[in-house]
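Using the working numbering, the first residue of the sequence shown is number 237, and each one after it goes up by one.
A virtual CB, placed ideally from N, CA and C, is assigned to each residue, including glycine.
Small disclaimer: the values here were computed from a predicted structure and weren't measured.
Following: one structure in structure tokens, then a few remarks.
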Amino acid sequence: MLERMKFLVRKLNEYSDSYYFGSTPQVSDEEFDALMDELRALEEATGTVLPDSPTHSVGAEAVSEFLPHTHLARLWSLDKVRSEGELREWGARCEKAAGSRRPIEYLLEYKFDGLTINLTYDGGELIQAATRGNGITGEGILAQAATIRSIPKTVPYKGRFEVRGECYMHLSVLDELNAKGEEQLKNARNAAAGAIRNLDPKVTASRRLDCACYNIGYIEGKSFETRREMYDFMRENELPMSDWVFYGDLDQVIAEIDVALARRSSLDFLIDGLVIKLNDLRLFDEMGFTDKFPRGEIAYKFPAEELVTVIENITWEVGRTGKLTPLAHLEPVDFAGVTVKKATLNNYDDILRKNVGIGSRVLIRRSNDVIPEILKSVDEHEPERPVSIPEHCPACGAKVERRGAHAFCTNSLSCTPQIVGRLEHFASRNAMDIDGFSEKTALLLVDALGLTTIPQLYELNAESFSELAGFGEKRVNNLLEAIERSKDCKLDAFLFALGIPNVGSKTAKDLASAFGSFDRVRSAAFDELIAIPDVGEIVAASLIDFFADEHINAQIDRLLANGVTPREAEQKQNNDFVSGKTFVVTGTLERMGRKQIEELIISLGGKASGSVSKKTDYVLAGESAGSKLDKARELGIPVLSEEEFFASLGE
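In structure tokens:
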């Protein structure tokens, strides 16, 4: 029986590869199903399921959640270039690092547009699969990955290793699935990502995904000197790979990019660029990494795509500040599998400058994942149906007034989009951090409960939700507890939550650090404000105007009366080593997180900067410090380890 089962497994996997990823099926559906039924019967009779049995690939039982998985080696992102000039600059850095080891050989391959997957093999068996996550920890998706027929369940190599790849859907499969009419999938990338992250492996199996592996990040008992060796190993272990990889010097690679770009439209899968890598892995390791990217590998992103379509309508969307932003509704147009129906226009001046109106034929550009942009009208005449700034707010009917290039609704008291936007901002993570509060929650509170001001949030009780569908006792209690917890807040979070024009989270921190208490910020004079580094005249004027508004002050007083208590900022305890100096913190640190160390530096009278310059006094560098460390060495700026930094503080 076991030999028959091995035969059936081998043949069924062969037939599956031919059916899903080849050009011609080797057997009919009836023959395939008969062999599959025989294998299932033998598995049931013997109680044995071989590791690479295709019965795994039809989908196991659904899981309730994805569990976290820590990768054996970090998964890096890729830096990007968009032109030949930028690519040659990168190549020059590689040549500088190589020194006399020239010429350099590069590898060029497709950048598949799908979802990253990291496969773990041990003892010759697939033991785990995970999403990229944050590069260190992803989500375990072994049951979903097992449904992808091109991913082998067993490999000849018995050592433990991780191989990274991209899961994607063939465009022909997308067309076939959509033709069946059971489910309309918008594009191949979203369909693949949605299938991999579906809790039910049967859904993953139904999408008939493929995978292309392209890097071994970790391996026991073996090493590689070149990509060629690595890729030969991957092929020997029958890991799925791209059928196109090009090797050459930089000039040859650049010439081949044009060839690949011309071939893009004929491919049966989506790519959003090309990847160029050093073939020499020793040189790759020597070049090291930045905080996010390896220096010996880079993505060449395709030029922005431009197409012509028609503006079917222009509406005005109201934001939390009351600003009206024009939104163009387009005749749907397809950009490499992504259907675009809307594009933002900046303001009314933008509409006039681009000479667009309803019915205008316009040139739009979509650059990779960037929101589509209307470049200009391609009509030679003026718009037949021009648009103008509405006299009344489309959301509440209040008067609209022009302020410079922008238009604003004057009704800040009862204009629903403004109130919803303000509530959502107030409750956001960097502000009052009210857990479980979303835009949907804000809209419900405004529409169903009639909230018109932020202080009313702190006047809600369990009875307030008694008539609302979907708000059970547990959900209501969780929300009310989160609102209650938010009353005890940091001063900078409260300042940011108020939505003061031109005051972001960093400026809020600067204000809190400079003044210590909310009352002092509230009563600060113009000269006091502009004395703070990075607070200019525009920000200072915004603060003065904000706190001079009687209505705003009444709402703030109501918040404080309802128990909101901004904690006074900890006073700076000047440290002789830190005080008055500028530090840049980079890399992975062990004792504290980067943000915590930056806050410590500020609390001790220093300044934490995000970039290295001649004004930088010290760079505090942890593991995997990248370009900032290089810049510091180039400028001769002292570099401290974490231990040296704390020793200098006197602990």
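May I ask which residues mark the beginning and end of the alpha helix (DSSP H) holding LYS745?
What you label residue 745 is simply residue 509 of the sequence shown in a count that begins at 1. From DSSP, the alpha helix (DSSP H) with LYS745 extends over 741-751.
How many Å lie between LYS242 and LYS458 at the Cα?
Here residue 242 refers to the residue found at position 6 when the sequence shown is read from its first residue. Here residue 458 refers to the residue found at position 222 when the sequence shown is read from its first residue. For LYS242 and LYS458, the distance between alpha carbons rounds to 29 Å.
Classification of ASP683 by the beta-carbon crowding that lies within 10 angstroms, buried from 16 upward
Start at 1 with the first residue of the sequence shown, and residue 683 comes out as number 447. An exposed status is given to ASP683, since fewer than 16 other beta-carbon atoms sit within 10 Å of its beta-carbon.
Rounded C-beta distance between ILE235 and ILE670? I'm assuming under 8 Å.
With the chain represented from 237 up to 887, any question about residue 235 goes unanswered, as that position is not in the structure.
In chain order, what are the residue ranges of uninterrupted beta strand (DSSP E) at least 3 long that sit wholly in the region 343-424?
351-358, 361-367, 373-375 and 397-404
Taking 8 Å as the threshold, find out whether the region 466-476 comes into contact with the region 382-389 through three or more Cβ pairs.
yes
Could you tell me the boundaries of the beta strand (DSSP E) in which GLY657 lies?
Taking the sequence shown and counting its residues from 1, the one referred to as residue 657 is at position 421. No beta strand (DSSP E) holds GLY657; the alpha helix (DSSP H) holding it covers 652-663.
Return yes when the Cβ of LYS831 is within less than 9 Å of the Cβ of VAL848, no when it is not.
If you number the sequence shown from 1, residue 848 lands on position 612. If you number the sequence shown from 1, residue 831 lands on position 595. Contact flag unset, no.
Leaving out five residues on either side along the sequence, give the residues of the same chain with a beta carbon under 6 Å from the beta carbon of GLY371.
Counting from 1 along the sequence shown, the entry for residue 371 is found at position 135. Taking GLY371 as the centre and dropping the five residues before and after it, the same chain places the C-beta of ARG310 and LEU311 closer than 6 Å to its C-beta, in chain order.
Please state if the CB of LEU343 and the CB of TYR209 are separated by a distance shorter than 9 Å.
In this structure the chain extends from 237 to 887, so residue 209 is not present and cannot be described.
Secondary structure at GLY321, three-state DSSP: helix, strand or coil?
Taking the first residue of the sequence shown as position 1, residue 321 is located at position 85. Collapsing the DSSP output to three states places GLY321 in a helix.
Would ASP265 be called buried (16 or more neighbouring beta carbons within 10 Å of its own) or exposed?
The residue given as residue 265 occupies position 29 in the sequence shown. Reliability fails at ASP265, whose pLDDT of 49 lies under 50, so the model's placement of it is uncertain and the value that follows must be treated cautiously. So ASP265 ends up on the exposed side.
According to DSSP, SER845 sits in a beta bridge with which residue or residues?
Locating residue 845 in the sequence shown gives position 609, counting from the first residue. Answer is VAL820, bridged to SER845.
Less than 9 Å between the beta carbons of ALA441 and THR526, yes or no?
Counting from one through the sequence shown, the residue named residue 441 turns up at place 205. Counting from one through the sequence shown, the residue named residue 526 turns up at place 290. For ALA441 and THR526, no; Cβs fall outside 9 Å.
Determine, using beta-carbon pairs with one atom in the region 421-429 and one in the region 477-489, whether at least three such pairs fall under 8 Å.
The region 421-429 makes no contact with the region 477-489; the number of CB pairs closer than 8 Å stays below 3.
Would ALA760 be called buried (16 or more neighbouring beta carbons within 10 Å of its own) or exposed?
By one-based count along the sequence shown, residue 760 stands at place 524. ALA760 comes out buried.
Could you please give the first and the last residue of the uninterrupted beta strand (DSSP E) stretch that includes VAL546?
Position 310 of the sequence shown, counting from 1, holds the residue named residue 546. Where VAL546 is concerned, the enclosing beta strand (DSSP E) stretches over 541-554.
With respect to the beta strand (DSSP E) encompassing VAL623, which residues constitute its N-terminal and C-terminal limits?
The residue given as residue 623 occupies position 387 in the sequence shown. No beta strand (DSSP E) contains VAL623, which DSSP labels as neither H nor E.
Are PHE529 and GLY862 closer than 9 Å when you measure CB to CB?
By 1-based counting over the sequence shown, the position of residue 529 is 293. By 1-based counting over the sequence shown, the position of residue 862 is 626. Inclusion of PHE529 and GLY862 in the CB contact set at 9 Å is warranted, their separation being smaller than that value.
Closest Cα partner of PHE673 within the set ASN714, LEU685 and LEU413:
Translated into the one-based positions of the sequence shown, residue 673 becomes position 437. With distances taken between Cα atoms, PHE673 lies closest to ASN714.
Rounded to the nearest angstrom, what separates SER753 and ASP728 at their Cα positions?
Position 517 of the sequence shown holds residue 753. Position 492 of the sequence shown holds residue 728. So the two alpha carbons sit approximately 10 Å from each other.
Short check: CB of ALA448 to CB of TYR393, under 9 Å?
Locating residue 448 in the sequence shown gives position 212, counting from the first residue. Locating residue 393 in the sequence shown gives position 157, counting from the first residue. No; because the gap between Cβ atoms is not below 9 Å, this pair is not in contact.
If you drop the 5 nearest sequence neighbours on each side, which residues of the same chain put their C-beta closer than 6 Å to that of ARG318?
Here residue 318 refers to the residue found at position 82 when the sequence shown is read from its first residue. Here the set comprises LYS537.
What are the partner residues of GLU859, as DSSP defines its beta bridges?
On the sequence shown, position 623 is the one that residue 859 refers to. Looking at the DSSP assignment, GLU859 forms a beta bridge with THR824.
Pair within 9 Å by beta-carbon distance, PHE782 and ILE788:
For the purposes of this step, residue 782 is taken as the residue at position 546 of the sequence shown. For the purposes of this step, residue 788 is taken as the residue at position 552 of the sequence shown. Between PHE782 and ILE788, the C-beta gap is smaller than 9 Å, which places the two residues in contact.
Can you give me the Cβ contacts of LEU865 inside the same chain, cut-off strictly under 8 Å, excluding the 5 residues immediately before and after it?
Start at 1 with the first residue of the sequence shown, and residue 865 comes out as number 629. For LEU865, where only same-chain residues beyond five positions count, the Cβ hits under 8 Å are THR822, GLY823, VAL855, ALA857 and VAL875.
Between which two residues does the beta strand (DSSP E) harbouring LEU909 extend?
Look at the range of the chain in this structure, 237 to 887, and you will see that residue 909 is not part of it.
Report the rounded CA-to-CA distance for LEU560 versus LEU566, giving the unit in angstroms.
Position 324 of the sequence shown, counted from the first residue, corresponds to residue 560. Position 330 of the sequence shown, counted from the first residue, corresponds to residue 566. C-alpha separation (whole angstroms): 19 Å.
What are the boundary residues of the alpha helix (DSSP H) that includes ASP763?
Taking the first residue of the sequence shown as 1, we reach residue 763 at position 527. 762-766 is the span of the alpha helix (DSSP H), which, as asked, contains ASP763.
Step through the CB atoms of chain C and report whether any lies within less than 9 Å of the CB of ASP669.
Although the question refers to chain C, the structure presented lacks it and comprises just one protein chain.
Cut-off 7 Å between Cβ atoms - residues of its own chain near LEU244, not counting five sequence neighbours on either side
As a first step, residue 244 must be located in the sequence shown, where it is residue number 8. LEU271, GLU274 and LEU275, listed in sequence order.
Inter-residue Cα distance where the pair is SER289 and GLU361:
On the sequence shown, residue 289 is found 53 positions in, with the first residue counted as 1. On the sequence shown, residue 361 is found 125 positions in, with the first residue counted as 1. Cα atoms of SER289 and GLU361: separation of roughly 12 Å, rounded to the nearest angstrom.
Could you tell me the alpha carbon to alpha carbon distance between ALA365 and ALA381, rounded to whole angstroms?
Position 129 of the sequence shown, counted from the start, is the residue given in the question as residue 365. Position 145 of the sequence shown, counted from the start, is the residue given in the question as residue 381. Rounded to the nearest angstrom, the two C-alpha atoms are 6 Å apart.
Compare the beta carbon distance of ALA631 and THR652 with 9 Å and say whether it is the shorter of the two.
Here residue 631 refers to the residue found at position 395 when the sequence shown is read from its first residue. Here residue 652 refers to the residue found at position 416 when the sequence shown is read from its first residue. Their beta carbons are under 9 Å apart, which means ALA631 touches THR652 by this criterion.
Identify every residue that forms a DSSP beta bridge with ILE507.
Taking the first residue of the sequence shown as 1, we reach residue 507 at position 271. In the DSSP assignment, ILE507 forms a beta bridge with PHE348.
Considering just the uninterrupted stretch of the beta strand (DSSP E) at TYR694, what are its terminal residues?
Taking the first residue of the sequence shown as 1, we reach residue 694 at position 458. Element bounds for TYR694: n/a, residue is neither H nor E.
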